[in-house]
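2 protein chains.
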Amino acid sequence: MGRRSDHTPDELRELLIACGHELMAERGFAKFSAREAARRAGYSVGTIYNVFGGLDAYLIAVNSRTFREWSAWLEAALAATPDAAGSDARIAALVRAYFAFADANRNAWMAIYDHRIDRGNTVIARQDELAREALTGIVDREVVRWSGGGNGESTRRLVRSLIATVHGHCALWLSGSYALLREEDPAGQALARVFESLAAHRAQAGSR
Amino acid sequence: MGRRSDHTPDELRELLIACGHELMAERGFAKFSAREAARRAGYSVGTIYNVFGGLDAYLIAVNSRTFREWSAWLEAALAATPDAAGSDARIAALVRAYFAFADANRNAWMAIYDHRIDRGNTVIARQDELAREALTGIVDREVVRWSGGGNGESTRRLVRSLIATVHGHCALWLSGSYALLREEDPAGQALARVFESLAAHRAQAGSR
DNA sequence: TTATAAATTCGACATCGTTCAATTTATTCC
DNA sequence: GGAATAAATTGAACGATGTCGAATTTATAA
């Protein structure tokens with residue numbers, strides 16, 4: 000067949016991403032199949048290559064959707080946290096929501112890190128970059144809010160490091176890795192580490 | 000052919016693991032091929048299934064070899080750290096060696112976490128379990144040494160959490176994830192977080 | 001209506017994991 | 001030593017994958 004009037008180019012793109020995301024959530028990265036994703040959309044494999052240019056770009060688009068849902072999940076959790084609960088509560092809500100999303104979307108969440116992008120050969124579309132940066136942005140904002148203003152390069156670095164800390168707990172937990180095998184509250188542990196580091200940096204900043 | 004006198008069963012096992020490990024280091028998990036690994040050993044695919052029972056068990060054996068090399072690497076780094084350097088230096092050496100091994104064996108290191116084991120359907124051989132526990136054991140020992148004795152369930156939990164912290168930094172760094180994209184010293188950041196948490200727990204224990 | 005351009009398909013290809021009947025080798029027994 | 005037995009090894013078969021492009025079909029323009 001040729002150009003069909005079923006969907007506009009944008010609609011087709013959306014449709015393929017939606018079906019791919021659904022399939023990813025069902026099967027996980029290892030058992031994901033572009034053929035099957037296209038089949039579900041009512042198209043054949045080649046269409047994915049036409050629309051996205053290659054499998055990598057398609058997977059990036061699928062994972063970017065997960066990133067966006069994740070950000071929305073975090074914002075919703077923060078919005079549901081009353082200001083009166085104090086500033087610690089916002090950090091706690093953020094970390095717990097981070098874990099809750101990963102837990103509720105295990106396959107899709109892990110796929111984000113299962114798909115290795117060779118940044119040398121692959122260009123990431125700007126909109127996909129933005130979806131990833133948004134998450135970092137949320138944490139940035141909340142840490143600045145917690146520490147009461149002081150933003151700068153050192154807090155920027157700290158924020159990335161705290162994200163890595165939480166990520167490590169979440170990843171080892173969901174992958175069933177030995178280290179966290181019998182830990183019943185990985186989110187709580189991650190949160191404890193985050194507060195210890197935040198406290199250390201507040202004290203440090205105050206004593207200068 | 001039938002039973003060949005080229006290798007004893009143990010030798011064959013070793014050979015297959017060695018070739019698999021080499022191939023994993025070269026290609027990484029995504030491009031690993033059991034066929035190719037067997038080919039390099041001078042056997043055909045079926046032999047892997049005979050010896051290990053299935054691909055999962057083979058991959059576990061291959062990754063266990065990486066675990067053992069990793070443990071040896073850490074022990075070597077610790078052995079090279081003079082006692083006179085102080086107890087902080089041992090922790091620093093441990094974390095830096097953790098990163099150095101991962102960096103020097105990227106594909107093999109990542110494969111450890113790329114291979115998802117369904118613990119419901121897969122039984123892990125005792126020797127492979129031990130290879131994984133050994134690493135945790137090293138960190139356990141060093142943290143107890145640092146804190147000057149006090150061992151118990153709470154330190155056990157802390158140790159696992161610190162491992163998760165370091166793992167998170169290392170994983171995001173090597174996978175080229177956005178969060179740590181421009182961080183020039185991820186190991187230093189991980190180390191800083193570890194010391195912050197260790198300090199917090201020493202203070203806590205001392206004030207009781 | 002016809003010609004042009006764009007989208008879509010589908011088959012071809014090499015490869016993968018998995019299984020198992022057939023084959024080859026080593027050992028045992030006479 | 002030679003035949004019978006047991007064990008290890010192979011390789012073909014199967015369904016599935018990603019990747020590519022020529023052929024086909026559709027929509028639009030002339």
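As you go down the protein sequences, you meet chains A and B in turn. Just so we're aligned, residue 0 is where the first sequence starts under numbering that gives the first Met the number 0, counting upward by one. Just so we're aligned, residue 0 is where the second sequence starts under numbering that gives the first Met the number 0, counting upward by one. Here a beta-carbon is modelled for each residue, glycine too, at the ideal position from N, C-alpha and C. Nothing here was measured: the structure is a model prediction, and the numbers come from that model.
Looking at the structure shown, is residue i part of a helix, part of a strand, or coil, going by DSSP?
| i | result |
| --- | --- |
| Asn62 of chain B | helix |
| Asn106 of chain B | helix |
| Pro81 of chain B | coil |
| Phe28 of chain A | coil |
| Ile116 of chain B | coil |
| Arg201 of chain B | helix |
| Arg207 of chain B | A caution first: Arg207 of chain B carries a pLDDT of 44, below 50, which makes its placement in the model too unreliable to give a value. |
| Leu180 of chain A | coil |
| Gly148 of chain A | coil |
| Arg210 of chain B | In this structure chain B extends from 0 to 207, so residue 210 of chain B is not present and cannot be described. |
So is residue i in contact with chain A if we call contact Cβ pairs under 8 Å?
| i | result |
| --- | --- |
| Ile137 of chain B | no |
| Gly175 of chain B | yes |
| Thr154 of chain B | no |
| Thr65 of chain B | no |
| Tyr97 of chain B | no |
| Glu68 of chain B | no |
| Ala107 of chain B | no |
| Leu171 of chain B | yes |
| Arg201 of chain B | no |
| Arg207 of chain B | Unreliable positioning characterises Arg207 of chain B in this predicted model, as indicated by a pLDDT of 44, which lies under 50. A coordinate reading is not provided. |
| Ala24 of chain B | no |
| Tyr48 of chain B | no |
| Ile116 of chain B | yes |
Are the C-beta atoms of residue i and some chain B residue less than 8 Å apart?
| i | result |
| --- | --- |
| Gln126 of chain A | no |
| Ile90 of chain A | no |
| Ala178 of chain A | yes |
| Glu132 of chain A | yes |
| Ala163 of chain A | yes |
| Ile59 of chain A | no |
| Ala33 of chain A | no |
| Gly151 of chain A | no |
| Tyr42 of chain A | no |
| Ala71 of chain A | no |
| Ala37 of chain A | no |
| His168 of chain A | yes |
| Glu141 of chain A | no |
| Glu13 of chain A | no |
| Ala29 of chain A | yes |
In terms of residue numbering, what span does the alpha helix (DSSP H) encompassing residue i cover?
| i | result |
| --- | --- |
| His6 of chain B | Where His6 of chain B is concerned, there is no enclosing alpha helix (DSSP H), given that its DSSP letter is neither H nor E. |
| Ala245 of chain B | Residue 245 of chain B lies beyond the stretch modelled for chain B, which goes from 0 to 207, so this question has no answer here. |
| Leu157 of chain B | Glu152 to Leu173 |
| Ala124 of chain B | Note, Ala124 of chain B: premise wrong, no alpha helix (DSSP H); not H, not E. |
| Tyr48 of chain A | Val44 to Phe51 |
Any heavy atom of the ligand FAD closer than 7 Å to the beta-carbon of residue i?
| i | result |
| --- | --- |
| Ala178 of chain A | Absent from the structure shown: the ligand FAD. Ligands present: none. |
By a C-beta neighbour count over all protein chains shown, 10 Å radius and 16 as the cutoff for buried, is residue i buried or exposed?
| i | result |
| --- | --- |
| Pro8 of chain A | exposed |
| Gly149 of chain A | exposed |
| Asp113 of chain B | buried |
| Arg159 of chain A | buried |
| Gln188 of chain B | buried |
| Arg131 of chain B | buried |
| Glu10 of chain B | exposed |
| Gly19 of chain A | buried |
| Asn62 of chain A | buried |
| Glu152 of chain B | exposed |
Answer yes or no: do residue i and residue j have a C-beta to C-beta separation smaller than 8 Å?
| i | j | result |
| --- | --- | --- |
| Arg235 of chain A | Arg144 of chain A | There is simply no residue 235 of chain A to check, as chain A begins at 0 and stops at 207 in what is shown. |
| Leu134 of chain A | Trp72 of chain A | no |
| Tyr57 of chain B | Ala29 of chain B | no |
| Val94 of chain A | Leu179 of chain A | no |
| Asn106 of chain A | Ala24 of chain A | yes |
| His168 of chain B | Ala163 of chain A | yes |
| Tyr97 of chain B | Val165 of chain B | yes |
| Thr65 of chain B | Asn120 of chain B | no |
| Thr80 of chain A | Ala99 of chain A | no |
| Leu15 of chain A | Ala36 of chain A | yes |
| Ala101 of chain A | Glu195 of chain B | no |
| Gly175 of chain B | Ile47 of chain A | no |
| Val44 of chain A | Arg12 of chain A | no |
| Gly27 of chain A | Ala110 of chain A | yes |
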